[in-house]
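*Asks:*
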Amino acid sequence: MQHPLPDAKADVRRRVIDAAMKAFAEKGIRSVTMDDVAHILSMSKRTLYQLFADKQDLLLACVKRKDEERDAMLQQLVQTTENVLEVLLVVFEFRMHDMDQVHPSFFADLVKYPKVLHYFDEKRRMHEEEAVAFLEKGVEQGFFRSDLNVRIIYYCASSSISSLLQRDAFQHCRPHEIFLNTSIVYLRGCATEKGIAMIDAFLQAHSDEQVAL
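All letters in the sequence shown, in the order written, are residues 2 to 214 by my numbering.
#1: Starting from ALA39, follow its DSSP beta bridges and name the residues at the other end.
#2: Unbroken alpha helix (DSSP H) runs of length 4 or more, entirely within the region 112 to 186: which are they?
#3: Between the C-alpha atoms of PRO5 and ILE153, what's the straight-line distance to the nearest angstrom?
#4: So, does the region 17 to 37 touch the region 55 to 66, judging by three or more C-beta pairs under 8 Å?
#5: Within 10 angstroms of the Cβ of LEU214, are there 16 or more other Cβ atoms? Answer buried if so, exposed if not.
#6: For THR193 and HIS119, what's the separation of their Cα atoms in angstroms?
#7: Should SER184 be labelled buried (16 or more other beta-carbon atoms within 10 Å of its own) or exposed?
#8: Tell me which residue opens and which closes the alpha helix (DSSP H) that ILE18 is part of.
#9: From CYS191 to SER160, what does the alpha carbon distance come to, in whole angstroms?
#10: Apply the 10 Å Cβ neighbour rule to ASP201 and answer buried if 16 or more other Cβ atoms are within range, or exposed otherwise.
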């Protein structure tokens, strides 16, 4: 059984994760060392290594923190609307904005950390049944076609964006652009006319935003 950290130590750990998340997002994972994180916090390396075994351990803690924030947002969103497609589009909008805040090399750097990749794979497997049930609810609501295997769709949509984000060849593309050309394309291909109308309105809104920029 894992015992909770004393309050002071837990607070220091939170501050380290906050600082590391900001540094990784701004500079990319590869460019940030444990020395850099210690320097940012005016902390000794010894103290830092007492909290995190190595850079991969720290990165994993950052990734988990971000997932906790996303999961909390999703739970709150699900409680406010029964509309499956509306939930998905809000989540997509959040993720696109979130991904555009990180350094272009961030996702490509992730492939060098097997513990982090293993965490993503395990999380995807753990949430597969829940995600499939959610998509099936979208079929019942008339947003998605009933002739499709939503389990296959879930796997393809979740795998494709991760694969592209982790390839050096696509580092010149904004994550926002990759998302619109992978997950949204899969989603629209699954949609009924009712669903397509909502998705196209979403795409038009984001197209107008790009023109405004």
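Beta carbons are placed, not taken as given, at the ideal position from N, Cα and C, and that holds for glycine.
*Replies:* If we stick to the structure as given:
#1: ALA39 is not bridged to any residue.
#2: 115 to 127, 129 to 141, 151 to 166 and 176 to 181
#3: For PRO5, the predicted structure reports a pLDDT of 49, less than 50, and the residue's modelled location is therefore unreliable. The matter cannot be settled from this model.
#4: yes
#5: Here LEU214 scores only 39 on pLDDT, less than 50, and its place in the model should not be relied on; the value that follows carries that caveat. Classification of LEU214: exposed, given that the 10 Å Cβ count is below 16.
#6: 35 Å
#7: SER184 should be labelled buried.
#8: 8 to 28
#9: 16 Å
#10: An exposed status is given to ASP201, since fewer than 16 other beta-carbon atoms sit within 10 Å of its beta-carbon.
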